[in-house]
Structure formats: C-alpha cells, structure tokens
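Asks:
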Amino acid sequence: EAGGMLHGLQVLERIAANQTQNITRFLVLARKAINVSDQVPAKTTLLIATGQQAGALVEALLVLRNHNLIMTKLESRPIHGNPWEEMFYLDIQANLESQVMQSALKELGEITRSMKVLGCYPSENVVPVEPA
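Residue numbering for the sequence shown follows my numbering, beginning at 216 and increasing consecutively.
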C-alpha cells in the first residue's frame with residue numbers, strides 16, 4: 216500500500232497475496248508515454264516472441280550482450296491459442312531514448328517474430344554509467 220500512496224493511487228484490494236512470502240510487482244499505466252530523463256537511471260520493459268527454431272531466444276539475448284545492455288529480468292509466458300509457444304518479458308537496464316537501446320531495439324525487431332515496448336521507467340537501482 217505504501218507504494219500506491221507514494222504515487223497517489225487508490226487501493227483496490229488489500230492482502231492480495233496467496234503466499235506468506237509474497238513479492239508483488241505493480242504497474243502504473245498511462246495513456247501516453249512519459250519520457251524519462253537520460254540523467255535518471257532507467258529500465259525498459261519489452262515483450263518479445265521468437266520463432267520456434269532452435270536458438271531463437273539466444274539470438275535475441277545476444278543482441279543485448281552485443282550492445283552491453285544488462286537484462287535484469289526474463290520471464291516466459293505461454294501464448295494463448297498457440298500451444299507450446301511462449302512470449303518473453305524482459306527488463307533491460309537502459310533508458311528507452313538512449314542510442315544504444317534504440318540500436319538494440321532495431322536489431323531485435325529484425326530477428327524476433329514480434330516485439331512491443333511496454334514502457335520505460337526510473338530504476339530503483341542506481342548503476343554507474345560511463346560518459347558517452
């Protein structure tokens with residue numbers, strides 16, 4: 216509840232956990248994207264779907280490595296209506312507006328079956344960034 220109050224949000228349900236040791240992740244949604252200053256440490260969340268061929272996910276992850284981007288989360292979810300196929304949520308420690316992120320997104324768009332940027336938001340972790 217503290218996080219919601221911090222952002223002036225209304226609590227819709229209390230104690231939504233189904234486990235005693237529960238960690239819940241909340242999202243704040245907006246109709247229009249809000250640009251995060253490049254002076255603020257940020258994360259960008261993506262949703263990608265790769266082909267079913269061997270190594271397709273590895274190929275996508277290599278794009279991040281080749282751009283020295285740090286992935287802080289990778290989560291797979293089944294694609295409804297497509298048995299045995301999955302989509303992947305990725306959190307990347309980078310500002311969406313940065314040149315390196317834009318370059319990586321261009322490459323990911325070329326090698327994935329689909330890609331959607333879900334948002335960019337200030338990161339809770341401050342990471343040193345080398346000057347450009």
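Glycine included, each C-beta is placed from N, C-alpha and C at the ideal position.
Kindly list the residues whose CB is nearer than 6 angstroms to the CB of L276, restricted to its own chain and excluding five residues on each side of it in sequence; keep chain order.
Replies: Translated into positions along the sequence shown, residue 276 becomes position 61. Within the same chain, no Cβ atom closer than 6 angstroms to the Cβ of L276 is found once the five residues on either side in sequence are excluded.
Asks: Short check: CB of E274 to CB of I307, under 8 angstroms?
Replies: One-based indexing of the sequence shown puts residue 274 at position 59. One-based indexing of the sequence shown puts residue 307 at position 92. No, these two residues do not count as a Cβ contact at 8 angstroms.
Asks: Rounded to whole angstroms, how far is the Cβ of F303 from the Cβ of L323, which I believe are closer than 8 angstroms?
Replies: Stepping through the sequence shown from its first residue, residue 303 is reached at position 88. Stepping through the sequence shown from its first residue, residue 323 is reached at position 108. Actually they are not in contact, since the Cβ atoms of F303 and L323 sit about 11 angstroms apart, beyond 8 angstroms.
Asks: I need the DSSP call for L224, collapsed to helix, strand or coil.
Replies: On the sequence shown, residue 224 is found 9 positions in, with the first residue counted as 1. Reduced to three states, the DSSP call for L224 is coil.
Asks: In terms of alpha-carbon separation, which member of L261, E228, D253 lies closest to S329?
Replies: On the sequence shown, position 114 is the one that residue 329 refers to. Check the Cα spacing between S329 and each of L261, E228, D253: the tightest is with L261.
Asks: When the Cβ atoms of the stretch 225-236 are set against those of the stretch 314-322, are three or more pairs found closer than 8 angstroms?
Replies: The stretch 225-236 makes no contact with the stretch 314-322, as fewer than three CB pairs between them are under 8 angstroms.
Asks: How is G296 classed by DSSP in three states: helix, strand or coil?
Replies: Along the sequence shown, read from residue 1 onward, the residue named residue 296 stands at position 81. Three-state DSSP puts G296 in coil, outside helix and strand.
Asks: Going by beta-carbon coordinates alone, are S205 and A257 separated by less than 8 angstroms?
Replies: For residue 205 there is no data in the structure shown, the boundaries of the chain being 216 and 347.
Asks: In terms of residues, what are the limits of the alpha helix (DSSP H) holding I249?
Replies: Counted from its first residue, the sequence shown places residue 249 at position 34. Secondary structure note for I249: it is in no alpha helix (DSSP H), with a DSSP letter that is neither H nor E.
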